[in-house]
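Undergrad: Quick one: structure below, then a few questions.
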Amino acid sequence: MTPAAKTVLAELKAHAKEGLPDMRKAFAPNNKGGNRFAGFSAEADGLLLDYSKCRVTSKTMKLLSALAKAADVEGKVHAMMRGDVINSTEHRAVLHTALRRPKSELVFVGGHNVVHDVHDVLEAMARFAVDIRKSKITDVVNIGIGGSDLGPVMATLALAPYHDGPRCHFVSNVDGAHIAD
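Position one of the sequence shown corresponds to residue 30 (the numbering used here), numbered consecutively onward.
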């Protein structure tokens, strides 16, 4: 963390000790601060972000913005989108952004366009899903921990009304009893 970011973070921590705003007062009709929604919401490209019900103040938002600037969040986002090596633990690019890119876009890692590879895998997954639905497979077991469990469980539950394929089972730990269930 840069010295500037450490300074702003210290200011933010001190600000947090000042206490949280009373939301009843913040939304009171006679609030001299004006319309809270107008001051604590943003819209871009048809997407509305309403953070008016979050217990933040204008000072909180200024400090958070200053911290993001001091930590160069914008530069890091650009580096991530370019495919730069930003995962300092594994010393590699963070490529989940390539999953959302159209086939026509380019993300180069080591001189290689990974978007093409991503779409090859997505197409193979789609073919695999069709093949599973056509087969006599009746059950699928997902083994995963954390997001590798929670994401598939959430998607399966959300899409259950539209599901007519195999039964899905989830194993989220290494306990043999969980598999036996």
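A virtual CB, placed ideally from N, CA and C, is assigned to each residue, including glycine.
1) Would you identify the three-state DSSP class for I172, choosing helix, strand or coil?
2) Using only the heavy atoms of the ligand HEM, determine whether one of them is closer than 6 Å to the beta carbon of K165.
3) Tell me which residues share the same chain as A34 and place their Cβ nearer than 7 Å to its Cβ, disregarding the 5 neighbours each side in the sequence.
4) Smallest Cα separation from R196: which of G205, D204, V203, L186?
5) Inspect the CB distances between the stretch 69 to 81 and the stretch 104 to 114 and report whether three or more fall short of 8 Å.
6) In the DSSP assignment, find the beta strand (DSSP E) that holds H198 and state where it starts and stops.
7) Kindly indicate which three-state DSSP category E47 falls into: helix, strand or coil?
TA: A quick look at the data gives this:
1) Here residue 172 is taken as the residue at index 143 of the sequence shown, counted from 1. Residue state, collapsed to three classes: strand.
2) Absence of the ligand HEM from the depicted structure is noted, as is the absence of any ligand whatsoever, leaving it without description.
3) As a working note, residue 34 is residue 5 in the sequence shown. Within the same chain, A34 has close Cβ partners L96, A99, A100.
4) Working through the sequence shown from its first residue, we reach residue 196 at position 167. Out of G205, D204, V203, L186, L186 has the C-alpha closest to the C-alpha of R196.
5) Under the Cβ criterion (8 Å, minimum of three pairs), the stretch 69 to 81 does not count as touching the stretch 104 to 114.
6) Position 169 of the sequence shown, counting from 1, holds the residue named residue 198. Per DSSP, H198 belongs to the beta strand (DSSP E) from 196 to 200.
7) Position 18 of the sequence shown holds residue 47. E47 falls in the coil class under three-state DSSP.
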